[in-house]
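Student: Take the sequence shown: its letters are residues 66 to 292, numbered as in the working numbering.
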Amino acid sequence: MDDTDRPLLRTILAPNPSAMTLEGTKCFIVGRDRPVVIDPGPADEAHLAAIERALSGHAPSAILLTHAHADHSAAAPALARRTGARLMMGRGAIGSDWLESFLSGWVEDGDEVQTEAGRIRVVSTPGHSPEHLCFLWRDEQAPDSVSIFVGALLMGSGDTTLIAPPEGNLSDYLASLSRVEEIGAAVLFPSHGSAITEPGVVIGRYRAHRWERIAQVAEALRTSPSA
66 MDDTDRPLLR TILAPNPSAM TLEGTKCFIV GRDRPVVIDP GPADEAHLAA
116 IERALSGHAP SAILLTHAHA DHSAAAPALA RRTGARLMMG RGAIGSDWLE
166 SFLSGWVEDG DEVQTEAGRI RVVSTPGHSP EHLCFLWRDE QAPDSVSIFV
216 GALLMGSGDT TLIAPPEGNL SDYLASLSRV EEIGAAVLFP SHGSAITEPG
266 VVIGRYRAHR WERIAQVAEA LRTSPSA
C-alpha cells in the first residue's frame, strides 16, 4: 500500500537525498480543509513552495514534528509563520533551542489532534532521539485501518536507523520498536523510504539487527577486553 492510495493523505518529497535520508525526507499532509502537516523537512525554499502548493490555500491546523533533526524540522518555523499553524513537538530534544523558540506548545504521549481525515494520536517513541514521537492515524475513510507515521524510528528499506550518542539510546529504541509492534498497525509511513506494509516483519528485522550488533560487541569485549 502506498500513501497515494489514501485520498486524504499527500506526500511531498524533499530534495535532500543521501545515505541517511534515502531518496529524501517525506513531508506528510493529512486531511484537506484543515490538514495536519507532519515533518515539513529541510529549509529549502523550493520544497516549502511545494508544500504550500499542496495545501492549496488551506491553512493547516497544526504542524507536528516527529523529532527536532533539521532534515525533518528546519522548514517548520517558516511554514508556521506563513500559514499561522500551531507548531508542536515532544519534549527532551538536545540542541534544539533554535527550534523551541518557534513552538506553539508541546505534545505528549496520548495527546490527540482531530482532523476531518480522522484522529491523530501521539505515541512516544524515544531511542533515535529523546523527543522522538510517532503519530497514529485512524483514517476517517478507513476507520478499521490504523496507520502510524514513524519518523526515523524505521526506514523504508534496510534494517537499521541511526542510534548514536548523545541523543540515541538503544534500550529506549528497542522498547519503542516493541511499542509500535504491539499497536498492530496495518501500515507504517517512515519519513525516509517507502511505506511499510508488513510492520511485524520489518520491526523484527530491525530488532534482530540490533541484537546481532550487541552480540558482536559483547564477543569483542570478551575476546579483547582491553580494546
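We treat Cβ as the ideally placed atom computed from N, Cα and C, and that holds for glycine.
#1: Please decide whether residue 83 counts as near chain B, where near means a Cβ-Cβ distance under 8 Å.
#2: Residue 90: buried (16+ other C-beta within 10 angstroms of its C-beta) or exposed?
#3: Given a threshold of 16 other Cβ atoms within 10 Å of its Cβ, counted over all protein chains shown, does residue 104 qualify as buried or as exposed?
#4: Give the secondary structure of residue 235 by DSSP, where H, G and I count as helix, E and B as strand, and everything else as coil.
#5: First and last residue of the beta strand (DSSP E) that includes residue 102?
#6: Thinking C-alpha only, which one of 164, 241, 120, 278 is nearest residue 197?
#7: If you compare alpha carbons, which of 200, 136, 150, 126 is closest to residue 248?
#8: For residue 246 and residue 265, which I take to be in contact (beta-carbon distance under 8 Å), what is that distance rounded to the nearest angstrom?
#9: Ignoring anything shorter than 3 residues, give me the beta strand (DSSP E) runs that lie fully in the stretch 87–155, in order along the chain.
#10: Would DSSP call residue 206 helix, strand or coil?
#11: Quick check on DSSP: helix, strand or coil for residue 274?
#12: Can you have a look at residue 286 and say buried or exposed, based on whether 16 or more other CB atoms are within 10 angstroms of its CB?
#13: DSSP beta-bridge partners for residue 200?
#14: Is residue 189 near residue 251, with beta carbons less than 8 Å apart?
#15: Using a Cβ distance threshold of 8 Å, determine whether the stretch 145–156 contacts the stretch 120–132, with at least three qualifying pairs required.
#16: Can you tell me whether DSSP reads residue 172 as helix, strand or coil?
#17: Which residues share a DSSP beta bridge with residue 83?
#18: Where do the N-terminal and C-terminal ends of the alpha helix (DSSP H) with residue 177 fall, by residue?
Tutor: According to the data block:
#1: Among the chains in the structure shown there is no chain B, since it carries only a single protein chain.
#2: The residue you call residue 90 lines up with position 25 of the sequence shown. Looking at its Cβ environment, which holds 16 or more other Cβ atoms inside 10 Å, residue 90 is buried.
#3: Mapped onto the sequence shown, residue 104 falls at position 39. Residue environment: residue 104 is assigned as buried (16 or more neighbouring CB atoms within 10 Å of its CB, all protein chains considered).
#4: Indexing the sequence shown from 1 puts residue 235 at position 170. In the three-state DSSP reduction, residue 235 falls in the helix class (H, G or I).
#5: The count along the sequence shown starts at 1 and reaches residue 102 at position 37. Unbroken beta strand (DSSP E) run through residue 102: 101–103.
#6: The residue labelled residue 197 in the question sits at position 132 within the sequence shown. Checking every option, the nearest Cα to that of residue 197 belongs to 241.
#7: Your numbering for residue 248 matches position 183 in the sequence shown. Nearest C-alpha to residue 248: 200.
#8: Within the sequence shown, numbered from 1, the residue matching residue 246 stands at position 181. Within the sequence shown, numbered from 1, the residue matching residue 265 stands at position 200. Going by Cβ atoms, the distance from residue 246 to residue 265 rounds to 6 Å, so yes, they are a contact pair.
#9: 91–95, 101–103, 127–129, 151–154, all fully within the stretch 87–155.
#10: Within the sequence shown, the letter at position 141 stands for residue 206. The three-state secondary structure of residue 206, taken from DSSP, is coil.
#11: As a first step, residue 274 is located in the sequence shown; it is residue number 209 there, counting from the start. In the structure shown, the three-state DSSP call for residue 274 is helix.
#12: By 1-based counting over the sequence shown, the position of residue 286 is 221. When all chains shown are included, residue 286 counts as exposed.
#13: Translated into positions along the sequence shown, residue 200 becomes position 135. In the DSSP secondary-structure assignment, residue 200 is bridged to 187, 214.
#14: Residue numbering aside, residue 189 sits at position 124 when the sequence shown is read from its first letter. Residue numbering aside, residue 251 sits at position 186 when the sequence shown is read from its first letter. For residue 189 and residue 251, no; Cβs fall outside 8 Å.
#15: In short, these stretches touch, since the Cβ pair count reaches three.
#16: Residue numbering aside, residue 172 sits at position 107 when the sequence shown is read from its first letter. Three-state result, residue 172: coil.
#17: Counting from one through the sequence shown, the residue named residue 83 turns up at place 18. Within the DSSP bridge table, the entry for residue 83 names 87 as partners.
#18: The residue you call residue 177 lines up with position 112 of the sequence shown. Segment 177–180 is the beta strand (DSSP E) holding residue 177; no alpha helix (DSSP H) there.
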